[in-house]
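Everything on this sheet refers to the single structure shown next.
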DNA sequence: CTTGATGCAAAATATTTGCATGCTC
DNA sequence: GAGCATGCAAATATTTTGCATCAAG
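Below is the structure:
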């Protein structure tokens, strides 16, 4: 697990490099995503920040602007599935893939070394220089299977 | 390469099963995505259909409704990268995975038993009933690496 | 101080919905 | 004919932008 401090430091470095300013709103968004595991819409993040920092002023526009910035710096990642719009999560150092329940929409992360390694081998066998990859397993989670439907 | 005819047949079967109707708009959207490789926004698809079928009436609402339907039936897939919104492409055969060259756009299919098996194991370990999966490896193909750029 | 950031509200986009009418089956 | 699908326009939802003001460096 990457400690929050190091993410915060990365944010500060990126801002310095780009000659942008460190603000409490930017920090609050990063920290909120760090403290809450999950994939959230900008609107949800806006609500979470407002309730975690009741005294701080923040507008939805700032949330959008900050998420774009954080995403460019790879401090957060976005994913979009099915009918839902874009959702954000804290950027993980480690690459991970997703299990997506097509009934309830729940997204579960996993990381499997065998798959990771095998992907490298496949790429190599095609003389392909892999820069990135994405894998999603769709299906029905145990909760949804139990509760019928 | 899956022939268009079989996709069309899948669409007809799905509609029959769901007691929905086969319309020229639904067919036009499927065919347009089949004939144009790439990832398009609903608005772009709307424009493409209008120019391919100048006599046919179609509204943007129908494009949205049809894309949702086609996606549910896995005849098309949606993806969203970085800043872009949701984009659709013709559905790929599920039992194949893809290597995608980000320089020339070439898509190579492959199927790797180790990965397939491991996906099943992962799903099982999460007590998840896998119905489908998608995996993409992005990178630079050998041709593009050789010819510089 | 200088310059970028913010909140707000308005504007621009994107997506969904209600409804009268048109088409499949 | 019955009932789903469509186009249109209106309604919503989502995201971006302009601008006066605020605050970081």
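Chains as they are written, first to last, in the working numbering: chain A, 32 to 180; chain B, 32 to 180.
Glycine included, C-beta positions come from ideal geometry on N, C-alpha and C.
Source: prediction; values computed, not measured.
| Query | Result |
| --- | --- |
| C-alpha gap between residue 104(B) and residue 43(B), whole angstroms | 11 Å |
| Beta-carbon contacts of residue 142(A) that lie in its chain and below 8 Å, excluding the five residues immediately before and after | 125, 126, 127 and 128 |
| Where the beta strand (DSSP E) containing residue 94(A) begins and where it ends | Element bounds for residue 94(A): not the beta strand (DSSP E) but the alpha helix (DSSP H), 91 to 103. |
| With 16 other Cβ atoms within 10 Å as the buried cut-off, status of residue 40(A) | exposed |
| Those residues which DSSP pairs with residue 167(B) across a bridge | 165(A) and 129(B) |
| Residue range of the unbroken beta strand (DSSP E) whose run includes residue 109(B) | 107 to 110 |
| Inter-stretch contact at 8 Å, needing at least 3 Cβ pairs: the stretch 60 to 68 of chain B / the stretch 150 to 158 of chain A | no |
| Nearest-angstrom Cα separation, counted from residue 170(B) out to residue 165(A) | 12 Å |
| Chain-ordered neighbours of residue 86(A) on chain B, where CB pairs are closer than 9 Å | Residues of chain B passing the Cβ test: none, with the nearest at roughly 32 Å. |
| C-beta neighbour in chain B for residue 107(A), strict 7 Å | no |
| Nearest-angstrom Cα separation, counted from residue 68(A) out to residue 255(A) | Given that chain A is displayed from residue 32 to residue 180, the structure contains no residue 255(A) and the question cannot be resolved. |
| Presumed contact (8 Å Cβ cut-off) between residue 121(B) and residue 107(B), rounded CB distance | 6 Å |
| Cβ neighbour criterion (16 or more within 10 Å) applied to residue 79(A) | buried |
| Proximity test, Cβ basis, 7 Å: residue 72(A) and chain B | no |
| Start-to-end residues for the beta strand (DSSP E) that takes in residue 118(A) | 117 to 121 |
| Beta bridge counterpart(s) of residue 71(B) as assigned by DSSP | 119(B) |
| Proximity test, Cβ basis, 7 Å: residue 130(B) and chain A | yes |
| Residues of the stretch 162 to 177 of chain A whose Cβ lies closer than 8 Å to any Cβ of chain B, in chain order | 162, 163, 164, 165, 166, 167, 168, 169, 170, 171, 172, 173 and 176 |
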